[in-house]
Structure formats: structure tokens, C-alpha cells
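Here the structure is laid out as C-alpha cells; the discussion comes afterwards.
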Amino acid sequence: LPQNLETPSAPVVGKWLAQTDAGLSLVRAGHNSCRLMLGLHATGRLPQSAERHAQLAALFGALMHAERTGRLCKEVVTIPATQQALVAGDYFNAANKALTTVFLGLDHYAWLRAIKVLQGEPL
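Here this note's numbering = 1-based position in the sequence shown + 9.
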């Protein structure tokens, strides 16, 4: 092994997980794994059990909420970046940042509606 790599230990893994993107990537991997397992379970490629299906669905929902919670307020960072890109004349980057801001805002709204924090008419 190269000398500059740290061996995996609890402090090293903890430091990695403390980084927002690393923790969110781990949650996303678990979420997608649950989605795969639910799909295989639904198609009959895995042994079917109502109890296991309920457990996978509950874990899938919990990881979905964790992933969305990790994205809260991420759009705040893209607002000044959009303005900076417009000032610099980088219109493609500005459009990308603006669409990211809109997507995250709509995603938060839909999520808050799904968990019944917000009431009202759907979009």
C-alpha cells in the first residue's frame, strides 16, 4: 500500500462520514440497495416474505428521508453562485445553478408535503 493512505480505522471512517457528501453518498448507496432489493423481491427473484418486504419498505422510507434531510438548504449555496456566474458572463453555468436551485426547492416542497408538514394543493 502507498505510505500516504491511512488504514481504515474508527477515527478515519468517522472523519470520512463527518463530511456531508461522504455521509450522503453512503445513505444514497443504502437507499439504492433497498430499491434494488424491493425490485428483486417484487419480481420474485428473491424469496418473498411479507415481513421482509415490510422491513425493506420501512428501511427504504427511512433512508429516503435521511437523504432528503441531508439536502436541506443546499440550494442556499447555489443562489450566490448563480449571481457570480451571471456577473462573469457564464450563462450556461448560471442556468445550471438556477435549475439546481429550483429542483431542490421543489424537492423540499414535495417532501414536506409527503411527510405532512405542509398542507395545501399539490403542484
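Heads up, the beta-carbon is just placed ideally off N, CA and C, and yes, glycines get one too.
Predicted model, so just to flag it, every value in this text is computed and none were measured.
Contact under 9 Å by Cβ, residue i with residue j
i: residue 109; j: residue 76; result: no
i: residue 81; j: residue 117; result: yes
i: residue 62; j: residue 50; result: yes
Contact belief for residue i with residue j at Cβ below 8 Å, rounded distance in angstroms
i: residue 69; j: residue 44; result: 6 Å
i: residue 66; j: residue 47; result: 7 Å
Reduced DSSP secondary structure (H/G/I, E/B, other) of residue i
i: residue 56; result: coil
i: residue 48; result: helix
i: residue 129; result: coil
i: residue 10; result: Note that residue 10 scores a pLDDT of 39, beneath 50, so its modelled location is shaky and nothing firm can be said.
i: residue 98; result: coil
i: residue 82; result: coil
i: residue 88; result: helix
When the options are compared against residue i, the one with the closest alpha-carbon
i: residue 79; options: 125, 120, 93; result: 120
i: residue 106; options: 96, 88, 118, 48; result: 88
i: residue 113; options: 53, 58, 86; result: 86
i: residue 111; options: 91, 55, 57, 53; result: 91
Check: residue i C-beta below 8 Å from any heavy atom of the ligand ZN
i: residue 122; result: Summarising the ligand content, the structure contains no ligands, and the ligand ZN is consequently not present.
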